[in-house]
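In our numbering, the protein residues as written are 5 to 974. Virtual Cβ for every residue (Gly too), placed ideally from N, Cα, C.
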């Protein structure tokens, strides 16, 4: 299987390790170390000078010693022991091997105790060691050389009781890898550049020739042992291979050169070196592209999970890799430049979240089973996988996953999905599984019943509903289910059985259309339940059973409601049939009989008469005065909305309530106002003879002093319904004089308007302008007004109620008024205006003369010399002597009398006598300038002014417009 088809993830977090840089710390670059390996709880580093260092988790050397005189090329700690094997090479001598006990210390040197020291023989041939391996009990070790020879050393290395060496394999290709396979017999996997072989070195088949597993070898560092399977893993340019003693096991196509291979937990670690591209490299070097060349020469580090067939991590590195190792639960990668990177595996939950994001639920399930996740976690995966399949529309397979996760799944989540999509077969499977597992609740049972109902399985439904004992399902849902399926009798039975009176009434009205039976049922409920039901269904019941429903409302809101009680009497019947009257009583009895045949009524008892051959069942009312239940009577306004479309019944209801002694004063005011409104509505909607009667009733309400009616509402209602008598009566009572006058004018009652004007005019001056407009609105009204028009004009002129222009505009709006009507008014107004104009012209002439004088004086001061003749100081009165200060205002002073402050400029000195007046002028000017920006003051003054043009002129005279004029000039 090719790796190109494998999913790639980032299941590891990578970070560069911050190595210690203090003096004496171990540098890990290629020039400072010769080998490195992971120990049990420390990192083992061999150096070219023969020194071995043990590093802790902070990568600080906590122990070091001189192990060899030559470079240490191989180190390996025997797993789960304190024994360390080191191998030193010097091509002038054969390799030197030592075994150390890290827990034992030499007293003289403080170094670990050396348990064994030997020279590995290679026929005195100077070839480097290319591979090295030890068994888990340190009974054997193998050394491979570049000349193709493999030497196996056996013996007691721990107690130094002697060892034996034997060359067990020779070939023409160099040895590239060695690994021990320990089982019943010990075998040695041998890799060369062109072959993979297995050699049994102990056990029943010892001494046999090496068995060839493959005619293709591997490079140095490209073979490792999988400790879980005891197979070796080979990394070649075309693929990753796995071999056992019988040959090739599995392979995974993975193109590209491999440099290193390793194993950590369930992962295979692969390092691929930079690709060789001499043409590109030469071109880059010629161009000077060092940085680009390093990018093209980058290495690739890949972490594979071969069991589940996915790439757990893949990264391109900017530098070449020296080695990889796993220790302290993490994977480490050491670069040639000495940089160390830590690869920390993400948590199981983080991996799952990444798989969820890519909808890889099958892999998530496999991963959970691989890591032996607890059932709760696995059920979460099953459920999420089911959700994914459900969204894709694969409902059957999704249900299979939900069933696998049934132990730890909230059933409502699954049920809701299949309710929405109407997959009843799947839903029934799930609900039945819940019952089989003993996890079903009453809701689940109810839902199962619902499914049966949709499948029209009435027999099972009836059997379940009538089952004695406590019902184990949600009542409301079951009733809704029965109603939706058309099983109204079953729904009513369930509702009555469990005292769900609201549902009983709802079914009677909405489904069965039994309105009389519904009223009969409601009047047998306690006050609280009865109130909730007749308020909810009052409008419908008024439509179909108006008399009974209205009486029910009256009884309840007057505090007289008593639940009816009945007894079921089985009595002897006679052969003669007695006639019974019809009407409301008969209808009520019939409704009760219908109910008894269906369900037991609230509060019903059963009585039996002596047994006879011929008997009949009859419901007899047994309500008594002692059956009264005290309750809080609600406010009547709550019931108003019920009677919106039933005005006749509303009138009956209101008239009954206003005579009750149980209604508060506040509520009675509300009742009277509403009743007044209904009277007016009835008057506007009926014929003339009935209208008079309704208006009479309305008039009686507002004329009576004992009726607590809201006058403002009564006035508004009278105006809206054009009830003139009501408007006038209420307005007079409230002192709304203008409204009284307006009601007369609206009715074109001129004499009434004149009467109201004379009565209220002195206190309401604004009536006169309104009267003027009304009197001149038509020739007929003008004729009816007569001399009253001139009286109104005179009053307006004397009190200044309107400007002359306003009067003219008012009169000119209609063609009724003539010049003769306003001749005297206009004559007096014109004469008064002429006198004002003459006075204004005189003032203008005076102001112009004064202004010319001031301008001339100012010009003389600016252009002509000024002579000063004063001989005495204006302050001290003494004769003037030098230095003397003269001001253009003709005041002269001794300089010493001016009290000029130190540092004060000459231009800033001011005449002390004129200073107060000048300050006042400056203050006035400053105030005017400030007020020029206060537009709200100008607008307020203009709004309150009777002469708006005069107000504008006054503000203009203050100079507030100067800034605007200056801007316009610019």
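Query                                                                                                                                                                                    : Result
Under the rule that 16 or more other beta-carbon atoms within 10 Å means buried, what is residue 617, buried or exposed?                                                                 : Low confidence applies to residue 617: its pLDDT is 42, below 50, so where it sits in the model is not reliable enough to give any reading.
How many whole angstroms separate the CB atoms of residue 103 and residue 63, which I take to be in contact at a CB cut-off of 8 Å?                                                      : The Cβ separation is near 25 Å, so there is no contact.
In three-state DSSP terms, what is residue 95?                                                                                                                                           : coil
Would you please state the rounded distance, in angstroms, between the beta carbons of residue 167 and residue 106? I believe it to be under 8 Å.                                        : Not a contact, Cβ separation roughly 21 Å.
On the premise that residue 320 lies in contact with residue 304, defined as a C-beta separation below 8 Å, what is that separation, rounded to the nearest angstrom?                    : 5 Å
Could you check which residue in 503, 386, 77, 333 has the C-alpha nearest to that of residue 46?                                                                                        : 333
Could you compute how far the alpha carbon of residue 339 sits from the alpha carbon of residue 377?                                                                                     : 36 Å
Among 213, 175, 523, 158, which one has its Cα closest to the Cα of residue 151?                                                                                                         : 175
Are there three or more Cβ pairs, one per stretch, closer than 8 Å when the stretch 69 to 78 is compared with the stretch 23 to 34?                                                      : no
Less than 9 Å separating the beta-carbons of residue 363 and residue 400?                                                                                                                : no
Kindly list the residues whose CB is nearer than 6 Å to the CB of residue 170, restricted to its own chain and excluding five residues on each side of it in sequence; keep chain order. : 156
Under 6 Å Cβ to Cβ from residue 507, same chain only, skipping five residues before and after it: list those, please.                                                                    : 483, 499
For a test of the three-state rule: what should DSSP assign to residue 870, helix, strand or coil?                                                                                       : coil
Please confirm whether residue 135 and residue 195 have their CB atoms less than 9 Å apart.                                                                                              : yes
Using the rule of at least 16 other Cβ atoms within 10 Å of the residue's Cβ for burial, across every protein chain shown, is residue 633 buried or exposed?                             : exposed
Whole angstroms are fine: how far does the CA of residue 11 sit from the CA of residue 43?                                                                                               : 33 Å
Once DSSP output is grouped into helix, strand and coil, what is the label at residue 4?                                                                                                 : Because the chain here runs from 5 to 974, residue 4 falls outside it and cannot be looked at.
So, for residue 197: in the same chain, excluding its five sequence neighbours on each side, which residues have a beta-carbon less than 8 Å away from its beta-carbon?                  : 177, 178, 180, 221, 222, 223
In whole angstroms, give me the CA-to-CA distance for residue 245 and residue 402.                                                                                                       : 38 Å
Rounded to whole angstroms, how far is the Cβ of residue 66 from the Cβ of residue 316, which I believe are closer than 8 Å?                                                             : Contact doesn't hold; Cβ gap of about 32 Å is too wide.
DSSP three-state label for residue 447, please.                                                                                                                                          : helix
Helix, strand or coil, according to DSSP, for residue 820 in the structure here?                                                                                                         : coil
Kindly identify the DSSP beta-bridge partner or partners of residue 144.                                                                                                                 : 158
In the stretch 454 to 523, which residue ranges form an unbroken alpha helix (DSSP H) of at least 4 residues, counting only runs that do not cross its ends?                             : 462 to 469, 479 to 488, 492 to 501, 505 to 510
Using a Cβ-Cβ cut-off of 7 Å (strictly less than) and excluding sequence neighbours within five positions of residue 875, which residues of its own chain qualify?                       : 883, 884
I'd like to know whether the C-beta atoms of residue 137 and residue 184 end up nearer to each other than 9 Å.                                                                           : yes
Would you mind reading off the limits of the alpha helix (DSSP H) that contains residue 313?                                                                                             : Here residue 313 belongs to no alpha helix (DSSP H), and DSSP marks it neither H nor E.
Does the stretch 783 to 803 come close enough to the stretch 929 to 942 that 3 or more CB-CB pairs lie under 8 Å?                                                                        : no
Measure the beta-carbon distance from residue 7 to residue 256 and round it to whole angstroms, keeping in mind my assumption that it falls under 8 Å.                                   : 6 Å
Let me check one thing: in DSSP terms, what residues is residue 352 bridge-paired to?                                                                                                    : None; residue 352 has no bridge partner.
In whole angstroms, what is the alpha-carbon distance linking residue 395 and residue 486?                                                                                               : 31 Å
Please tell me whether residue 307 and residue 258 are closer than 9 Å, where the distance is taken between their beta carbons.                                                          : no
Rounded to the nearest angstrom, what separates residue 763 and residue 527 at their Cα positions?                                                                                       : 59 Å
So, residue 76 versus residue 120, is the Cβ gap smaller than 9 Å?                                                                                                                       : no
Helix, strand or coil: how does DSSP classify residue 338 here?                                                                                                                          : strand
Among the residues of its own chain, which have a CB less than 7 Å from the CB of residue 388, if the five just before and after it don't count?                                         : 360, 365
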